[in-house]
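Novice: Before we start, here is the structure in question, set down as C-alpha cells.
There are 2 protein chains.
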Amino acid sequence: MENQTPFVIKQVTDAWYLQVQRTDKLFASLSDEQLQKEVSPGRNRGIYLLGHLVAVHDRMLPLLFGIERLYPELDADFVEAPDKTRDLTISVTELKTAWSRANAVLAEHFNKLQPSGWLEKHTAVSEADFVREPHRNRLNVILSRTNHLSSHYGQLLFLKN
Amino acid sequence: MENQTPFVIKQVTDAWYLQVQRTDKLFASLSDEQLQKEVSPGRNRGIYLLGHLVAVHDRMLPLLFGIERLYPELDADFVEAPDKTRDLTISVTELKTAWSRANAVLAEHFNKLQPSGWLEKHTAVSEADFVREPHRNRLNVILSRTNHLSSHYGQLLFLKN
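Chains as they are written, first to last, in the working numbering: chain A, 1 to 161; chain B, 162 to 322.
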C-alpha cells in the first residue's frame, strides 16, 4: 500500500476545519441576546458554550504544541465552573473575537506541522506511556475535539429561531 | 516518513466506535417515555433522532459497500419527513434493536476492509469525479457521519434528567 499518511491526515484536519467553519457561521448568525439564552430550559446558555469552546480550543495550544495559552483566564468561568454559578465579566463580542483568534492561532500551528508531527505525542502523555499507547498523539486530540465541537454545535443550533 | 496509513485509519475508525458506544449507553439509559419527549421545546423528539440515526447509519451500507439496506422503510418517517408530521408505527424498542443491528453490520464490513479500502471511492461518486476529488472516499463518509452522530448526541443528552 502506497504511503497515504499525509493524505489521510489532511482528511482529518479538513474535518476539523469544516466543523469550525460551521460553528463560525452559527455564532455569526446569533445575536448577543440569543447567546444570552439557555440552549434548552435549564441547560447551558449560548455564552457559556461559546466561552467553553474558546477555552477548550485554547487549551490545545499547550496540549499540542507546548506553547502558552491566549486566554487562560477563561477556565475559571467556562471549564471549572458550571454555567450560571459565576458573574461573567467578559462580553459575547469579546468571546467571539477570542473564538476566532484561538482557532486562527491553532491553524497557524497546524499548518507548520509536518504530517509525521501529527503522530507525535501530545504534552499530557509521558514518553513511557506513549510507547505503550502510541495512539495518544496529536491526531487523537484533534479527532476528539472535532467531536466535542460537533456535540456542542448540535446544542447551539437550538438558539436559532 | 514510515507508512502509518493503517494506524491513522484505525484512529479514525476508533473515533467512530467511541461515539457509537457513547450513544449506545445514552439510548440504553433513556426510557421509552423519555425518548417520546422533545429534546428541547419545539425540537425533534428522542424517538425521531433515534430513527434518524438508524436510517442514516443504515444508508452507509449501500453508500460504502454497495449492499442492500436493512431498514429502507425508515427513510419516509425519519429522513424525508420532519418530526411530528407522520404517525410512527415503529416502537422505541424496535428502533433500539435496529440501531444496534445497523451498527453491528457496519462493523462487520468495516472489519473486512483493508486499510487501502478506506481510501477507495464510495458509491455516490463517479469514477471521473473521484479522479478529481480523491478525498471522496469511504474515510470521508465515516468522518462526516461521526460528527453527525456527535451533533445529535449532544442534543439527545438533554433528555437526561
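The C-beta atom is built at its ideal place from N, Cα and C for all residues, glycine as well.
Is it buried or exposed for glycine 66 of chain A, if we count other Cβ within 10 angstroms and need 16 for buried?
Specialist: Exposed, since its Cβ has fewer than 16 Cβ neighbours within 10 Å.
Novice: Whose C-beta lies closer than 8 Å to the C-beta of serine 100 of chain A among residues of the same chain, with five residues either side of it excluded?
Specialist: So the list reads Asp24, once near-sequence residues are dropped.
Novice: Is the shortest distance between the beta-carbon of histidine 283 of chain B and the beta-carbons of chain A less than 7 Å?
Specialist: False, the Cβ-Cβ gap to chain A never drops below 7 Å.
Novice: Would you list the residues sitting across from arginine 206 of chain B in a DSSP beta bridge?
Specialist: BP columns for arginine 206 of chain B point to B/Glu199.
Novice: If tyrosine 232 of chain B and alanine 242 of chain B are in contact, beta carbons under 8 Å, what's the gap, nearest whole angstrom?
Specialist: With 8 Å as the limit, tyrosine 232 of chain B and alanine 242 of chain B do not qualify as a contact, their Cβ atoms being about 15 Å apart.
Novice: How many whole angstroms separate the CB atoms of asparagine 301 of chain B and glutamate 281 of chain B, which I take to be in contact at a CB cut-off of 8 Å?
Specialist: That belief does not hold up - the Cβ atoms of asparagine 301 of chain B and glutamate 281 of chain B are roughly 11 Å apart, past 8 Å.
Novice: Taking tryptophan 16 of chain A as part of the alpha helix (DSSP H), name the residues at either end of that continuous run.
Specialist: Its alpha helix (DSSP H) spans residues 5 to 29.
Novice: How many angstroms separate the CA atom of alanine 189 of chain B from the CA atom of isoleucine 208 of chain B?
Specialist: Taking the straight line joining both Cα atoms gives about 13 Å.
Novice: Run through DSSP, which three-state label would asparagine 111 of chain A get?
Specialist: Note: asparagine 111 of chain A maps to helix in three-state DSSP.
Novice: Between which two residues does the alpha helix (DSSP H) carrying arginine 299 of chain B extend?
Specialist: Looking at the DSSP string, the run of the alpha helix (DSSP H) that includes arginine 299 of chain B is 299 to 317.
Novice: Which value, in whole angstroms, describes the spacing of the CA atoms of methionine 60 of chain A and leucine 88 of chain A?
Specialist: The straight-line gap from Cα to Cα measures roughly 23 Å.
Novice: Looking at the unbroken alpha helix (DSSP H) that takes in valine 292 of chain B, where does it start and where does it end?
Specialist: 288 to 293 is the span of the alpha helix (DSSP H), which, as asked, contains valine 292 of chain B.
Novice: Let me check understanding here. Comparing Cα to Cα, which of A/Ser40, A/Val20 and A/Pro62 lies closest to leucine 53 of chain A?
Specialist: Nearest C-alpha to leucine 53 of chain A: A/Val20.
Novice: Does DSSP put lysine 121 of chain A in a helix, in a strand, or in coil?
Specialist: Correct three-state label for lysine 121 of chain A: strand.
Novice: Is it the case that the region 144 to 157 of chain A contacts the region 37 to 45 of chain A, given that we only count it when at least three CB pairs across the two stretches are under 8 Å?
Specialist: Output reads yes: the region 144 to 157 of chain A touches the region 37 to 45 of chain A.
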